[in-house]
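A quick write-up on the structure given underneath.
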Amino acid sequence: MSRPLLAVPNVSEGRDRIRIDALGNAFSAGVELLDTHSDGTHNRTVFTLAGEAKALGAALARGAGEAVGAIDMTRHEGVHPAVGALDVCPLVWVERAGRDAAQEAALDAATLIGELGVPVFLYGELASDPERVERAYFRNGGLGELWLRMEAGELSPDFGPELPHRTAGATLVTARPPLGAFNVELDSGDLELARAVAAGLRESGGGPPGVRAIGLPLSGDRVQVSTNVHDPVAVGLGSVVERIRELAAPLGARPVEAELIGLIPALALSGYPADVPIRDFDPEAQTIESRLAALS
27 MSRPLLAVPN
37 VSEGRDRIRI
47 DALGNAFSAG
57 VELLDTHSDG
67 THNRTVFTLA
77 GEAKALGAAL
87 ARGAGEAVGA
97 IDMTRHEGVH
107 PAVGALDVCP
117 LVWVERAGRD
127 AAQEAALDAA
137 TLIGELGVPV
147 FLYGELASDP
157 ERVERAYFRN
167 GGLGELWLRM
177 EAGELSPDFG
187 PELPHRTAGA
197 TLVTARPPLG
207 AFNVELDSGD
217 LELARAVAAG
227 LRESGGGPPG
237 VRAIGLPLSG
247 DRVQVSTNVH
257 DPVAVGLGSV
267 VERIRELAAP
277 LGARPVEAEL
287 IGLIPALALS
297 GYPADVPIRD
307 FDPEAQTIES
317 RLAALS
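Here is the structure:
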């Protein structure tokens, strides 16, 4: 696969193993399933797929159909913000030469998902308006708020019906290069502390470029700073940890453990600090280069 494409569908189910397995089987038909990451607290599963553009578009439509039937957003509970059963569906180019193919595949997938009766909003590089670039534009207030905005005519989808699906909500679609989905746990149970650290970590709060972050509760005596690092090679995960360390120290907390969601470019780990281990991390299984090399 000389110019591989990846897809990273995020579904709003992280607890029911039978349902997760059925979703994984639907998404992976005709393509390679490289990674599955489920989190019960977030109530979310992230699949990483690899394949040719047309095969990925078809696989995402099949997986979306399974998600529509399996996940009821009216009953969904989890700390991660979400507006749909298939919440986020990015197509990912690993090499710059694959950008156009990823964008075409994303639009194909968006069309097919819309035909399932699920409204689709394009974000990131595919956004139809600058205010639609960030996922938070659609997620703020959750699915209930999105429903009200669509019902009022304030917000129209790029594909699909003018209102959310009754149980499956809506889906956000884009095409992008690899990013780092990376969570860092602090030795504190104070949610406001995590939110303060996240605010300072975000690019909009003076943090490194391309970093998005939110503070989330965990069970027990820890909270989490959940991040997306849009260019994890330019802004390595080690620098994110060090920034969190600087922000948390005056508040009486420190980073103690991290979690990687899906796959990461190997260079993103350069200089990573040993005192904040990434839970269950295996470089052979969780770096993009290693997984794609195993396919060739």
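Residue numbers for the sequence shown follow the working numbering, beginning at 27 and rising by one. Beta carbons: idealized from backbone N, C-alpha and C, even for Gly.
Along the alpha helix (DSSP H) that carries residue i, what are the first and last residues, could you check?
i: residue 126; result: 125-140
i: residue 201; result: Here residue 201 belongs to no alpha helix (DSSP H); instead the beta strand (DSSP E) covers 197-202.
According to the Cβ coordinates, are residue i and residue j closer than 7 Å?
i: residue 67; j: residue 34; result: no
i: residue 38; j: residue 102; result: yes
i: residue 57; j: residue 115; result: no
i: residue 170; j: residue 110; result: no
i: residue 74; j: residue 289; result: yes
i: residue 172; j: residue 131; result: no
i: residue 166; j: residue 113; result: no
i: residue 76; j: residue 107; result: no
i: residue 224; j: residue 263; result: no
i: residue 281; j: residue 267; result: yes
i: residue 184; j: residue 148; result: yes
Could you tell me the boundaries of the beta strand (DSSP E) in which residue i lies?
i: residue 90; result: First-last for residue 90: 79-96, but that is the alpha helix (DSSP H), not the beta strand (DSSP E).
i: residue 52; result: Careful: residue 52 lies outside any beta strand (DSSP E), inside the alpha helix (DSSP H) at 43-54.
i: residue 112; result: 112-119
DSSP three-state label for residue i, please.
i: residue 67; result: coil
i: residue 166; result: coil
i: residue 156; result: helix
i: residue 27; result: For residue 27, the pLDDT reaches just 43, beneath the cut-off of 50, and the residue's location in the model is therefore unreliable, leaving the point undetermined.
i: residue 229; result: helix
i: residue 280; result: coil
i: residue 207; result: strand
i: residue 75; result: strand
i: residue 324; result: Only positions 27 to 322 of the chain appear in this structure, which leaves residue 324 out of reach.
i: residue 309; result: helix
i: residue 252; result: strand
i: residue 175; result: helix
i: residue 223; result: helix
Could you compute how far the alpha carbon of residue i sits from the alpha carbon of residue j?
i: residue 28; j: residue 301; result: Annotation note: pLDDT 48 at residue 28 (below 50); position unreliable, coordinate value reported separately. So the two alpha carbons sit approximately 37 Å from each other.
i: residue 161; j: residue 237; result: 13 Å
i: residue 186; j: residue 135; result: 12 Å
i: residue 150; j: residue 214; result: 33 Å
i: residue 209; j: residue 219; result: 15 Å
i: residue 313; j: residue 292; result: 5 Å
i: residue 70; j: residue 286; result: 14 Å
i: residue 299; j: residue 229; result: 22 Å
i: residue 32; j: residue 152; result: 17 Å
i: residue 323; j: residue 180; result: The structure shown has nothing for residue 323, since the chain only spans 27 to 322.
i: residue 276; j: residue 85; result: 47 Å
i: residue 177; j: residue 142; result: 19 Å
i: residue 95; j: residue 279; result: 43 Å
i: residue 78; j: residue 204; result: 16 Å
Looking only at its chain, what residues have a beta carbon closer than 6 Å to the beta carbon of residue i, apart from the 5 residues adjacent to it on each side?
i: residue 139; result: 90, 146, 197
i: residue 271; result: 281
Enumerate in chain order the residues of its own chain whose CB-to-CB distance from residue i is below 8 Å, with the five nearest sequence positions on each side excluded.
i: residue 303; result: 283, 284
i: residue 157; result: 163
i: residue 311; result: 61, 317
i: residue 221; result: 240, 241
i: residue 168; result: 107, 108, 109
Closer than 7 Å by C-beta to residue i: which residues in its own chain qualify, once you throw out the five before and the five after it? Chain order, please.
i: residue 217; result: 241, 243, 249
i: residue 50; result: 59, 62, 73
i: residue 193; result: 98, 99, 100
i: residue 65; result: 40
i: residue 92; result: 48, 49, 52
i: residue 190; result: 145, 169, 172, 173, 176, 196
Indicate, with yes or no, if the ligand MN has a heavy atom lying under 6 Å from the CB of residue i.
i: residue 305; result: Within the structure as shown, the ligand MN is missing, as the structure has no ligands at all.
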